[in-house]
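Position 20 of the sequence shown, counted from 1, bears residue number 25 in the working numbering, the numbering being contiguous throughout.
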Amino acid sequence: MSAPRLEIDLDKIHSNSRCLVEALAARGVSVTGITKAGLGSPAIAHAMLRAGVTSLGESRVASLARLRQSTVSTTLRLIRSPMLSEAERVVEHADISFNTELVVIRRLSIAAQAAGTVHGVLLMVELGDLREGIMPEDLATTVEETLRQPNLTFAGIGTNLACRSGVLTDANNMAELSALADSIEAQFGVSLGTVSGGNSASLEWALSGADTGRINELRLGEAILLGRDPTNRRPIAGLHMDAFTLVAEVIESKVKPSMPVGALGESTFGVVTDPQDRGNVHQVLLAIGHQDCDPYGLSVTLDLSISGATSDHLVVECGEIALQVGEEVRFEPNYGTLLRAMSSSCVAKVWTGMGVVPL
Ligand SMILES: *Cc1c(COP(=O)(O)O)cnc(C)c1O
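Spelled out as structure tokens, the structure:
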């Protein structure tokens, strides 16, 4: 089989999705499956949908277009604020988009009128992580203005935590979102379809037995795909952490000094190494590098240590495990590595499970 390759087990993605859908259903919370690390892969989308996720979310319009053109049939959400320049494509490919800027919302309305469609707008609220979001005190005026725009529906509100600053989901920020939902409904006489309480980082809170209040949806990517809690990278009980495996092949296997020979400048990727002289080590090169993955986002069950990486090489000390040329090494990717491996045309994708073998 060709290397490097990413092996993708759709059965494990399905099983993880089902576990989370069921656990959250008991709390009155539905799941939007976030396929962005899978680049809008219809196979991953189907695995999630068969497990009961109620809609799909993507941060890029191109990935939504891919889903739209596939056999996937569900509500598609653009979870990154649209670029002003892509309003027409957003209206074409997304049923709902997440928004924070009135200038964009007005443009979406114009695009929806031109296309003869109705587009859903969900407003994101800033609750402290300081990435996207309308300041809570400005929410009411944005709602008022959104409700005035032709060919738009007001789909709900949501928030995003943990991604930029690591702010944790807790009773306070979730109670604030619930209170905003109540006050918007009271003020405008509307009923909010979705109150979206965040991403995988909100899972622990949602499953803790805490009062979920008005929160009726979470957007889950990493938890479904990698089975880990992104706030501490700990395994989530009952989930598979190896739905994705990145496989690379050994192209050189030699005993070399641990200490470079000669004066040292910057290396290709600018990392200033502080090498220690540990005598001779058994070092292998794998044919995979920054172009294919985040080399520091690879974990391996064997007793190997990653000691360097360039565009196309991964340098690994293999200690007692004398890896030979032609042997393969299997890694579990973290989220960043998964994203890069999925995006790289240099990494083959090998699909298993669900009886689906996509190209
Ligand atoms: C990426 C993203 C998600 C999914 O995050 P995970 O940690 O992978 O669950 C949810 N919402 C928004 C706005 C995102 O950008």
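Beta carbons are placed, not taken as given, at the ideal position from N, Cα and C, and that holds for glycine.
Exercise for the section: Tell me whether Leu-225 counts as near ligand 1, meaning its Cβ is closer than 7 Å to at least one heavy atom of that ligand. Expected result: What you label residue 225 is simply residue 220 of the sequence shown in a count that begins at 1. Using a cutoff of 7 Å, the CB of Leu-225 counts as near ligand 1, since one of the ligand's heavy atoms is closer than that.
Exercise for the section: Can you tell me which of the three DSSP states His-19 falls into? Expected result: On the sequence shown, position 14 is the one that residue 19 refers to. Three-state DSSP puts His-19 in a helix.
Handout entry: the region 197-208 contacting the region 140-148, beta-carbon criterion three pairs below 8 Å
Key = Touching, no.
Handout entry: Sub-8 Å separation of Val-1 and Gln-288 beta-carbons
Key = In this structure the chain extends from 6 to 364, so residue 1 is not present and cannot be described.
Exercise for the section: Check each candidate in Asn-339, Ala-211, Glu-322, Asp-175 and name the one with the smallest Cα separation from Asp-247. Expected result: Mapped onto the sequence shown, residue 247 falls at position 242. Among Asn-339, Ala-211, Glu-322, Asp-175, the Cα nearest to that of Asp-247 is on Asn-339.
Problem - Beta bridge counterpart(s) of Met-129 as assigned by DSSP - result: Taking the first residue of the sequence shown as 1, we reach residue 129 at position 124. Beta-bridge pairing links Met-129 to Gly-163.
Handout entry: Residue span of the beta strand (DSSP E) that contains Ile-101, given as start and end
Key = Indexing the sequence shown from 1 puts residue 101 at position 96. Here the beta strand (DSSP E) through Ile-101 covers 101-104.
Problem - Cβ neighbours of Arg-85 in the same chain (closer than 6 Å, five flanking residues each side left out) - result: In the sequence shown, the residue the question calls residue 85 occupies position 80. The residues are Ser-64.
Problem - Simplified DSSP assignment, three categories, for Phe-336 - result: Here residue 336 is taken as the residue at index 331 of the sequence shown, counted from 1. DSSP places Phe-336 in strand when its eight states are reduced to three.
Handout entry: beta strand (DSSP E) segment containing Gly-192, residue limits
Key = Here residue 192 is taken as the residue at index 187 of the sequence shown, counted from 1. Reading off the sequence, residue 192 comes out as Gln, not Gly. It is not in any beta strand (DSSP E) - Gln-192 instead sits in the alpha helix (DSSP H) that spans 176-193.
Handout entry: Contiguous beta strand (DSSP E) assignments of at least 3 residues, all confined to the region 50-113
Key = Taking 3 residues as the shortest admissible run, the region 50-113 contains the following complete beta strand (DSSP E) segments, listed from N- to C-terminal end: 60-63, 80-83, 101-104.
Practice task
Along the beta strand (DSSP E) that carries Val-255, what are the first and last residues, could you check?
Solution key: Along the sequence shown, read from residue 1 onward, the residue named residue 255 stands at position 250. 249-262 is the extent of the beta strand (DSSP E) around Val-255.
Problem - Those residues which DSSP pairs with Pro-265 across a bridge - result: For the purposes of this step, residue 265 is taken as residue 260 along the sequence shown, with counting starting at 1. Looking at the DSSP assignment, Pro-265 forms no beta bridge with any residue, so it has no partner.
Practice task
Taking Asp-100 as the reference, give the member of Ala-116, Arg-82, Asp-282 with the closest Cα.
Solution key: Along the sequence shown, read from residue 1 onward, the residue named residue 100 stands at position 95. The option with the nearest alpha carbon to Asp-100 is Arg-82.
Problem - Inter-residue spacing [alpha-carbon to alpha-carbon] between Leu-128 and Thr-105 - result: Translated into the one-based positions of the sequence shown, residue 128 becomes position 123. Translated into the one-based positions of the sequence shown, residue 105 becomes position 100. When rounded, the distance between both Cα atoms is 6 Å.
Practice task
Starting from Thr-306, trace the beta strand (DSSP E) both ways and give me its first and last residue.
Solution key: One-based indexing of the sequence shown puts residue 306 at position 301. It is not in any beta strand (DSSP E) - Thr-306 carries neither H nor E in the DSSP assignment.
Practice task
Measuring alpha carbon to alpha carbon, tell me which of Gly-163, Ile-13, Gly-270, Met-53 ends up nearest Asn-21.
Solution key: On the sequence shown, residue 21 is found 16 positions in, with the first residue counted as 1. Of Gly-163, Ile-13, Gly-270, Met-53, the residue nearest in Cα terms is Met-53.
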